[in-house]
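Peer 1: Residue numbers (the numbering used here): 38 to 213. Glycine included, each C-beta is placed from N, C-alpha and C at the ideal position.
1) Considering only the alpha carbon of each residue, which of 45, 140, 56 and 124 lies closest to residue 96?
2) Would you mind working out which of 86, 207, 50 and 123 sits nearest residue 41, comparing C-alpha positions?
3) According to DSSP, what are the bridge partners of residue 89?
4) Three or more C-beta pairs under 8 angstroms: does that hold for the region 143-156 against the region 172-181?
5) Give me the DSSP bridge partner(s) of residue 75.
6) Closest to residue 69 by C-alpha separation, out of 75, 76 and 60, would be which residue?
7) Would you tell me roughly how many angstroms separate the C-alpha atoms of residue 138 and residue 164, rounded to the nearest one?
8) Taking only runs that begin and end inside the region 108-178, name each unbroken beta strand (DSSP E) of 3 or more residues, in chain order.
9) Tell me whether residue 60 sits in a helix, a strand or coil according to DSSP, three-state version.
10) Going by the beta-carbon positions, is the gap between residue 204 and residue 196 smaller than 8 angstroms?
11) Helix, strand or coil for residue 213? Go by DSSP, reduced to three states.
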């Protein structure tokens with residue numbers, strides 16, 4: 038999409054993931070390997086509306102994923118040297134899938150100066166968080182659904198050749 042006031046584009050990315058491990062020494066009753074194989078279709082779209090030659094409003098949507106780290110999948114158990122706690126791996130972890138929405142007002146007062154104010158909302162399926170599982174052991178787990186939202190302000194002001202940048206961000210995160 039393109040006109041004097043509106044510019045937009047979009048696309049779709051497809052990702053194939055193969056992730057896992059195989060333990061060469063077989064331990065009866067234990068998990069000796071995991072093979073995770075999945076495909077994600079990840080669409081995205083972005084639209085910019087020009088208010089005038091110095092101001093824009095942008096909006097975007099994209100789907101994204103976050104894979105478990107390798108060490109989070111391996112069924113390890115590390116005992117602490119200084120406490121009664123231990124850390125464990127979790128071969129049952131799923132990858133996280135998020136729907137991401139962003140909107141931003143952009144103002145360019147002159148030269149390289151800029152002022153942005155924006156907001157975002159993310160809905161995450163199967164977020165990976167560390168959790169205590171029996172009082173003293175913690176491990177990565179999928180926590181159902183999470184919501185993350187917030188806003189930010191970003192600016193750059195020049196005084197002669199000196200740039201004075203600033204950034205403030207507020208984020209709220211909740212799982213259910």
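Peer 2: Answer, in terms of the structure:
1) The option with the nearest alpha carbon to residue 96 is 140.
2) Taking only the C-alpha atoms, the option nearest residue 41 is 86.
3) Looking at the DSSP assignment, residue 89 forms a beta bridge with 92.
4) Not touching, per the Cβ criterion.
5) Under the DSSP definition of a beta bridge, residue 75 partners with 54.
6) The residue with the shortest Cα to Cα distance from residue 69 is 60.
7) Computed Cα separation, rounded: 17 angstroms.
8) Taking 3 residues as the minimum length, the beta strand (DSSP E) runs contained wholly in the region 108-178 are 114-116, 123-125, 133-147, 150-162 and 165-169, in order along the chain.
9) The answer is coil: DSSP assigns residue 60 none of H, G, I, E or B.
10) 8 angstroms or more divides the Cβ of residue 204 from the Cβ of residue 196.
11) It is coil, neither helix nor strand.
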